[in-house]
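Here the structure comes first, spelled out in C-alpha cells, and everything after it is commentary.
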Amino acid sequence: MQFIQDLLNYEFLQKAFVTSIVVGIICGIVGSFIILRGMALMGDAISHAILPGVAISYMLGINYFYGAVAIGILAAFGIGFIDQHSRIKTDSSIGIVFSAAFALGIVLITAAQSATDLTQILFGNVLSVRSTDMWMTIIVGIIVIAAVLLFFKELLVSSFDVTMAQAYGLKTRIIHYGIMILLTLVTVASLQTVGVILVVAMLITPASTAYLLTNRLSIMVILAAFFGALASVIGLYISFLHNMPSGPIIALAATGIFILAFLFAPKQGLIWRMLKTMRSRTAKS
Amino acid sequence: MANKISVKNISVSYVDKEVVKNISFTFDGGSLIGILGPNGAGKSTLVKAMLGLVPTQSGEIEIDGQPIHKQRKKIAYVPQRSNIDWDFPIIVKETVLLGTYPKLGLFHRPKKTDKEWAMACLEKVGMQDYAKSQIGELSGGQQQRVFLARALAQNADFLFLDEPFVGIDVASEEIIINILKGLKNEGKTIFVVHHDLAKVKDYFNEIIIINKELYGAGSVTAVFKEEIMKKAYQTKFQMAGGLEVGV
Chain A
0 MQFIQDLLNY EFLQKAFVTS IVVGIICGIV GSFIILRGMA LMGDAISHAI LPGVAISYML
60 GINYFYGAVA IGILAAFGIG FIDQHSRIKT DSSIGIVFSA AFALGIVLIT AAQSATDLTQ
120 ILFGNVLSVR STDMWMTIIV GIIVIAAVLL FFKELLVSSF DVTMAQAYGL KTRIIHYGIM
180 ILLTLVTVAS LQTVGVILVV AMLITPASTA YLLTNRLSIM VILAAFFGAL ASVIGLYISF
240 LHNMPSGPII ALAATGIFIL AFLFAPKQGL IWRMLKTMRS RTAKS
Chain B
0 MANKISVKNI SVSYVDKEVV KNISFTFDGG SLIGILGPNG AGKSTLVKAM LGLVPTQSGE
60 IEIDGQPIHK QRKKIAYVPQ RSNIDWDFPI IVKETVLLGT YPKLGLFHRP KKTDKEWAMA
120 CLEKVGMQDY AKSQIGELSG GQQQRVFLAR ALAQNADFLF LDEPFVGIDV ASEEIIINIL
180 KGLKNEGKTI FVVHHDLAKV KDYFNEIIII NKELYGAGSV TAVFKEEIMK KAYQTKFQMA
240 GGLEVGV
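Which chain is which? The protein sequence lines are A and B, in order.
Quick note on numbering: numbering that gives the first Met the number 0 labels position 73 of the first sequence as 72, and the sequence is numbered without any gaps.
Quick note on numbering: numbering that gives the first Met the number 0 labels position 141 of the second sequence as 140, and the sequence is numbered without any gaps.
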C-alpha cells in the first residue's frame with residue numbers, strides 16, 4: 000500500500016507507471032501478430048538493431064526516438080532485401096543484420112563515452128522516464144491501437160492464410176512492412192522500461208500466454224495487452240521497492256504469468272491435459 | 000460466353016528450372032475441371048500461376064476477356080490442407096466469414112447480413128453445428144468443408160481447389176463433390192488439382208493432364224485415354240480394369 004501512496008506523491012513514479020502500462024499494452028498487441036506470423040526472431044532482431052540509432056541520436060543531441068525508428072526500419076528493409084536477393088534463408092539474414100547493427104551500436108556508444116547510458120539502454124530504467132518519453136510512448140500507443148483497429152480484418156486474413164489474401168488482391172508485402180514499422184515503434188517505446196535486450200520478452204511472452212487461453216484472435220490481442228500491462232506493473236512495483244533494473248523484473252513477471260497459463264490453462268494447460276490422459280487411461284484399463 | 004478462362008503459353012520457372020512449360024487451354028463456364036498429373040508435375044504451380052501468385056516467365060491468363068489481376072474478386076481459392084496453420088486462434092464461423100472480406104474492401108467490417116451469409120454457406124456444407132469450434136478441433140474432411148464454405152461465401156465465378164480430397168473421409172468427399180457439381184450446373188468454372196485417377200470419370204467433365212508440359216486438355220471422353228496418360232506418367236501408368244496408377 001506504501002506503493003500506492005508513493006505513486007500519488009511522486010511525479011516520476013506516475014510517469015513510470017503510465018509509460019510501463021502503455022508499453023505492456025502495445026507490446027502485447029503487436030506481439031500477438033508477431034508470434035502468429037512466426038516472426039519472433041524478427042522482433043528480437045529489430046530490438047537489437049536500433050542500438051546504433053540510439054547512439055547516433057545521442058551524438059547528434061536529438062531525441063533517441065528518431066534515430067532508433069530510422070535504423071529499425073532500415074534494418075527491416077535490409078533483412079527483406081538480403082532474403083529476396085540471395086539464397087540465404089530468412090533466419091540467417093536476420094542474424095546477419097541484427098548482430099552487425101548491435102555490434103555497431105555498442106562501438107558507437109562506447110566511442111561516445113556514455114557507459115551508464117549503455118546499461119540503461121540495454122536493461123531499461125523505467126524510473127528515469129521523462130515527460131517527453133511518456134508522451135512519445137502514448138503517441139506510439141495511439142498509433143498502434145488505431146492501426147490494429149482499422150486494419151484488423153487485413154491483419155487477420157494475411158496472418159492466417161496469406162495465399163487467400165494474395166489471391167483476392169491484398170498487398171501482403173505492404174502489410175508485412177507495416178507490421179515491421181509498428182514493431183520498430185513499439186520496440187523504441189519499450190527502450191526505457193525493459194531495455195533493448197529484453198523487449199522480445201514483452202513481445203512474445205504475454206502474447207504466448209494469451210495464445211494458450213483463447214481460440215479467437217480478437218480476444219487473444221486483448222488478453223495479451225492485459226498480461227503485458229500486468230507484467231509491467233508488477234515489474235515496476237518490485238523494481239521500485241527493491242531498487243532493481245526494471246527490464247529483467249518485468250520480463251520475469253511476464254514469464255511467471257506464462258508459467259501459470261502453461262500449467263493451468265483450461266484446454267491447453269499441461270495439468271489439465273495430464274489429467275485427461277490419466278482419465279482416459281484408467282477408463283481403458 | 001460467361002465465366003470463360005483462357006490460358007495462353009504460360010511458363011513458370013523456379014531458379015532456372017522450368018516447372019511449368021508453355022501451357023495453353025480454354026474453358027467455358029459450367030466446367031468442372033480436374034488437373035491431373037504425376038507428383039512433381041507442377042499442378043499446384045499451374046494453379047498458383049493462374050491466380051497470379053507466382054511470377055510467370057511468359058504467357059497470359061484472361062478471365063472473361065480481361066487480365067487476371069483485374070478480375071480477382073471473381074476468384075476463390077481453397078488451399079491444400081497442409082498449407083494452413085491449424086493452431087491459429089480462429090473458429091469455424093470466423094473462417095467462413097473471411098470469404099466476405101474481398102467484397103468488403105478496406106475499413107469495412109462484416110455486418111449482420113455478411114455474418115448470416117457466412118452461416119448460410121456453412122449450412123450448405125453441413126458444418127453449422129461446429130460454428131464455434133476452433134478449426135484444429137475438426138477432422139480433415141470437416142476442415143476441407145469449412146474451407147469450401149469460405150469459398151462459397153466469396154460468391155466467386157471461378158474456384159480453384161488444391162487437392163481437396165486428400166486424407167478426408169468418404170462422407171465429406173461426397174458432400175464436396177456434390178457441391179462442386181452444383182456450382183458447375185450454375186455455370187461456374189471450377190478447377191480441382193487431383194491425383195486419384197480412379198474417380199476421374201465420375202467427378203469431372205473436363206480434364207487437364209500435365210507433366211511440366213501439357214499432355215491434353217478437354218472433355219474427359221476425349222482426353223482421358225490410355226495413350227495420353229501413359230505418355231504423361233511415363234510408363235508408370237497402366238489402365239488395367241479400373242483406372243489406377245501403377246507403382
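Glycine residues also receive a C-beta, built at the ideal position from the N, C-alpha and C atoms.
Quick caveat: nothing in here was measured; it's all calculated off a predicted structure.
| Asked | Found |
| --- | --- |
| A:T213 beta carbon less than 9 Å from that of A:S46 | no |
| Interface residues of chain B facing A:G168 [CB-CB closer than 8 Å] | H68, R71, K72, P101 |
| B:F157 versus B:A130: straight-line alpha-carbon distance, rounded | 26 Å |
| Spatial distance of B:A1 from B:A197 (CA atoms) | 31 Å |
| Extent of the continuous beta strand (DSSP E) to which B:T25 belongs | 16 to 26 |
| Residue burial classification, A:Y210 (beta-carbon count within 10 angstroms, cutoff 16) | buried |
| B:T188, buried or exposed, once every other Cβ within 10 Å from all chains shown has been counted against 16 | buried |
| Boundaries of the alpha helix (DSSP H) in which A:S91 is found, first to last residue | 89 to 110 |
| Alpha carbon of A:G60 to alpha carbon of A:G23, nearest angstrom | 28 Å |
| Interface partners of B:R108 on chain A, CB under 9 Å | F151, K152 |
| B:F159 - containing beta strand (DSSP E), residue span | 157 to 161 |
| Cβ-Cβ distance between A:A224 and A:P205 below 9 Å | yes |
| Any chain A beta carbon closer than 9 Å to B:L121 | no |
| Check whether B:G41 and B:I209 have beta carbons under 9 Å apart | yes |
| 7 Å Cβ cut-off: residues of chain B touching A:D90 | Neighbours of A:D90 on chain B: none; closest Cβ ~18 Å, over 7 Å. |
| Given A:Q297 as reference, the closest of A:W134, A:A110, A:H84 once Cα atoms are compared | Residue 297 of chain A lies beyond the residue range present for chain A, which begins at 0 and ends at 284; the question has no answer from this structure. |
| Listed by chain order, chain B residues near A:T204 by CB distance under 7 Å | Near A:T204 there are no residues of chain B at all, since even the closest Cβ is about 17 Å away, more than 7 Å. |
| Minimum length 3: unbroken beta strand (DSSP E) runs contained in the region 152 to 232 of chain B | 157 to 161, 188 to 192, 205 to 210, 212 to 218 |
| N- and C-terminal bounds of the alpha helix (DSSP H) containing A:V68 | 63 to 83 |
| Extent of the continuous alpha helix (DSSP H) run through A:G140 | 130 to 149 |
| Alpha-carbon spacing of A:A250 relative to A:A100, whole angstroms | 23 Å |
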